[in-house]
Amino acid sequence: MKIIADDKIPFLKGVLEPFAEVIYLPGHSIDNRVLQDADALLVRTRTRCNAALLKDTGIKFIATATIGYDHIDTDFCRRSGIAWTNAPGCNSSSVQQYLAAALLRISGQFKYRLKNKTLGIVGVGNVGSKVSNLARILEMNVLLNDPPRARTEGEEGFAGIEQVLMESDIVTAHVPLNPEGEDCTLNLFSEDSFRMMRTGTWFINTSRGEVTDTLALKNALDTGKLMGIVLDVWGNEPDIDTELMERTFIST
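Throughout the sequence shown, residue numbering follows our numbering, covering 7 to 258 in sequence.
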């Protein structure tokens, strides 16, 4: 078996070598040519796994070392008989720690008392659930929004997106990027969304840059709807909006 792997996936080197030939390449260097005689592909978000990359190759399996998988053309994989998997929850502890650091820095720098403030969590999967636990440790109130979970588990314990936007002091996003369908999250945080928020709300996004309308986000800062923002993800990466970056309280 021959495997092509992104050379930036941590702790991978040496794990698969007893069972397969493994070639490590930078994500941007993985192309159709190098996949011609390969059986499996291990990637991160840098590698777009679509027809241009995969057509007429030997790839039978793709694994992405990320929670999100919008860089994988799942329809093409299904039609081509290529199995794929992602890594749900792989960075949940890291994001929880990131949120803890961000909240405490906001609290310290702005004398912003977290106790009894309301944290609205949009997306309550592996990451959002840990953020919810963190908020309760900080004695914050929590509003949870997760339509897919509410449909399967019942609506008790979950709030609608409008309630979260209108009643939260801090809104944090932990959703996958779904470009269409019932649970579409593309530009989920739009002009209308920010308009619903209280004046002086904080907004945090560690999920996907494209779940936020960048222009609407800047307008919300202009009008004072948002007191500040914390961003770990950006639209159109790696060519991000540098003006927005300069206006971000914490940008990573």
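Ideal placement from N, C-alpha and C gives every residue a C-beta, glycine not left out. Quantities reported herein were computed from a predicted structural model and do not represent experimental measurements.
Assumed close pair residue i, residue j - CB separation to whole angstroms, cut-off 8 Å
i	j	result
Gly64	Ala89	Not quite, the Cβ-Cβ distance comes to about 13 Å (not below 8 Å), so this is no contact.
Ala93	Val128	That pair is no contact at about 21 Å.
Arg253	Leu227	6 Å
Val101	Thr212	5 Å
Ile78	Cys55	4 Å
Asn151	Ile167	5 Å
Val148	Arg157	About 20 Å separates the two Cβ atoms, so there is no contact after all.
Spatially closest choice to residue i from the options, by CA coordinates
i	options	result
Lys231	Cys190, Gly241, Met172 and Met251	Met172
Glu243	Phe116, Cys96, Asn97 and Val217	Val217
Pro153	Leu194, Gln115 and Ser100	Leu194
Asp76	Ser257, Ala222, Glu186 and Phe116	Glu186
Met42	Lys66, Thr258 and Ala107	Per the sequence shown, the amino acid found at residue 42 is Gln instead of Met. Of Lys66, Thr258 and Ala107, the residue nearest in Cα terms is Lys66.
Glu188	Thr258, Glu162, Arg155 and Tyr104	Arg155
Leu140	Gln115, Val170 and Leu109	Leu109
Leu237	Leu250, Thr229 and Asp245	Leu250
Val181	Gly160, Val239, Glu197 and Leu144	Val239
Ala81	Ala57, Asp245 and Gly74	First, the amino acid is wrong: residue 81 is Asp here, not Ala. The residue with the shortest Cα to Cα distance from Asp81 is Ala57.
Exposure of residue i, with buried meaning 16 or more beta-carbon neighbours within 10 Å
i	result
Ile112	buried
Thr248	exposed
Arg201	exposed
Arg214	buried
Asp219	buried
Leu223	buried
Met87	A quick correction: the sequence has Gly, not Met, at residue 87. Looking at its Cβ environment, which holds fewer than 16 other Cβ atoms inside 10 Å, Gly87 is exposed.
Val21	exposed
Thr207	buried
Asp175	buried
Alpha helix (DSSP H) segment containing residue i, residue limits
i	result
Met251	Thr248 to Glu252
Met172	Ile167 to Glu173
Asn225	Thr220 to Thr229
Ser81	Reading the sequence as shown, one finds Asp at residue 81 and not Ser. Where Asp81 is concerned, the enclosing alpha helix (DSSP H) stretches over Thr80 to Ser86.
Glu197	Glu197 to Met202
Asn266	Because the chain here runs from 7 to 258, residue 266 falls outside it and cannot be looked at.
Ile112	Ser98 to Phe116
Ala93	Where Ala93 is concerned, there is no enclosing alpha helix (DSSP H), given that its DSSP letter is neither H nor E.
Glu159	Pro153 to Glu159
Neighbourhood of residue i by C-beta, 6 Å cutoff - its chain only, sequence neighbours within 5 removed
i	result
Glu27	Lys8
Met146	Leu120, Lys123 and Leu125
Tyr30	Ala11 and Asp13
Cys83	Trp90
Gly241	Gly215, Glu216 and Thr220
Neighbourhood of residue i by C-beta distance below 7 Å, restricted to the same chain and skipping five residues each side
i	result
Arg2	Because the chain here runs from 7 to 258, residue 2 falls outside it and cannot be looked at.
Ser98	Asn132, Val133 and Lys136
Phe209	Val177, Leu232 and Ile235
Phe164	Leu150, Asn151, Asp152, Arg155 and Ala156
Ser138	Ile127, Val130, Val148 and Leu150
Tyr118	Ile112
Ser257	Leu237 and Met251
Ser199	Leu171
Host beta strand (DSSP E) of residue i (start-end)
i	result
Ile68	Phe67 to Thr70
Leu47	Ala46 to Val49
Gly234	Leu232 to Leu237
Ala179	Ile176 to Ala179
Thr207	Thr207 to Asn211
Ala26	First-last for Ala26: undefined, no H or E at that position.
Leu125	Thr124 to Val128
Ile73	Counting along the chain, Ile73 falls outside any beta strand (DSSP E), and DSSP gives it neither H nor E.
Lys8	Lys8 to Asp12
Cβ neighbours of residue i in the same chain (closer than 8 Å, five flanking residues each side left out)
i	result
Ile36	Ile10, Asp12, Leu47, Val49, Thr53 and Leu59
Ser196	Asp219 and Ala222
Leu105	Val137, Leu140, Thr178, Ile210 and Thr212
Val40	Ile10, Ile29 and Leu31
CB contact check: residue i to chain D, cutoff 8 Å
i	result
Glu252	This model lacks chain D altogether, as it is built from one protein chain only.
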